[in-house]
Amino acid sequence: MRALPSPLLAVTDRHGHTRPLAETVQAILDGGGRWIWFRDRDLEPEARLRLGEAVAGRVRMAGGFLTVGGDVALARALGADGVHLGGGSGPEAIAAARDAMGAGALIGVSAHAPQEIAQAAAAGADYVTLSPIFPTASKPGYGPALGPEGIAAARRAGLPVVALGGVGSDSVAECRRAGAAAVAIMGGLMRASDPAMATKALLKAWPTAQVVSE
1 MRALPSPLLA
11 VTDRHGHTRP
21 LAETVQAILD
31 GGGRWIWFRD
41 RDLEPEARLR
51 LGEAVAGRVR
61 MAGGFLTVGG
71 DVALARALGA
81 DGVHLGGGSG
91 PEAIAAARDA
101 MGAGALIGVS
111 AHAPQEIAQA
121 AAAGADYVTL
131 SPIFPTASKP
141 GYGPALGPEG
151 IAAARRAGLP
161 VVALGGVGSD
171 SVAECRRAGA
181 AAVAIMGGLM
191 RASDPAMATK
201 ALLKAWPTAQ
211 VVSE
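Heads up, the sequence shown is in the UniProt record's numbering, so the first residue is 1 and it goes up one at a time.
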């Protein structure tokens, strides 16, 4: 099972705060965050490229790890370390992403049910995000919250599971105890008045939980 870059995956959303997204990303990096998922997929390609360049520059300067959501060509243009594909991405899509990005790239896939993780594993993904773990306004269309028991069931498929959806500093430890390899946070970081402090709180909460036995 491949190791993930960090127990915290920060997911970007430029709508989360009035400050420029690159400044929010910089604050997360200043707080100890090292894995950034550049999302913001609602932008036109040229605008997304420009924003991605600003984000990638900050991540690179900090020695961080950049994942780009859903666009292999953009990931390559930004010199990203990985790409995150949508749910249902099969072997062909994952193989194409790996061929384009290189053998060392980290390929992730979105999942919304434990059974989807076995499919992603068989298709050659390196990890999955599983959501929603807890109720969240940003994931209203993906059914009821899966809870920590969903993480526990999902990890049996043999891929690292990144818990996504409604996770905060008060529930990070619970996710880890259930078997999550990392947690992904969007709103709690993007909307924070002080993203650096929010990042530190999330990272501090991670080691407090006893890791489940394999």
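Beta carbons: idealized from backbone N, C-alpha and C, even for Gly. Note that this is a predicted model, so its numbers are computed, not measured.
Specify the secondary structure class of residue i as computed by DSSP and reduced to three states.
i    : result
G52  : helix
T199 : helix
G108 : strand
L85  : strand
A163 : strand
T129 : strand
G69  : strand
L21  : helix
L4   : coil
A184 : strand
E214 : Low per-residue confidence applies at E214: pLDDT is 48, beneath 50, and the placement is therefore not dependable enough to give any value.
A192 : coil
L29  : helix
A120 : helix
A145 : coil
L74  : helix
A97  : helix
A10  : strand
W206 : helix
Can you name, in chain order, every residue of its own chain whose Cβ lies under 6 Å from the Cβ of residue i, other than the five neighbours on each side?
i           : result
P7          : A182, W206
residue 215 : Any answer about residue 215 is impossible in this case: the structure gives the chain only from 1 up to 214.
E214        : Bear in mind that a pLDDT of 48 at E214, under 50, signals an unreliable position, so the number given afterwards is only what the model happens to contain. Closer than 6 Å at Cβ, skipping near neighbours: no residue.
A180        : I151, V161, A163
Within this structure, are the beta carbons of residue i and residue j separated by less than 8 Å?
i    : j    : result
G108 : M1   : no
V161 : A184 : no
R58  : D40  : no
G64  : I36  : yes
A62  : L29  : yes
L202 : S169 : yes
L106 : T129 : no
G52  : V68  : yes
A152 : A178 : yes
A196 : G31  : yes
P91  : G70  : no
Buried or exposed: where does residue i fall if 16 or more other Cβ atoms within 10 Å of its Cβ makes it buried?
i           : result
D81         : buried
G86         : exposed
D126        : buried
M190        : buried
R34         : buried
P45         : exposed
A95         : exposed
A110        : Before going further, note that residue 110 is Ser rather than Ala in the sequence given. S110 comes out buried.
residue 228 : It is not possible to answer for residue 228, since the shown part of the chain is limited to 1 through 214.
Could you name the residues of the same chain whose beta carbon sits closer than 8 Å to that of residue i, not counting the 5 residues immediately before and after it, in chain order?
i    : result
V167 : I133, F134, C175, V183, A184, I185, G188
M101 : V72, A75, R76, A80, G82, V83, I107
Can you list, in chain order, the residues of its chain with a C-beta nearer than 7 Å to that of residue i? Leave out the 5 residues immediately preceding and following it.
i   : result
L49 : L74, A77
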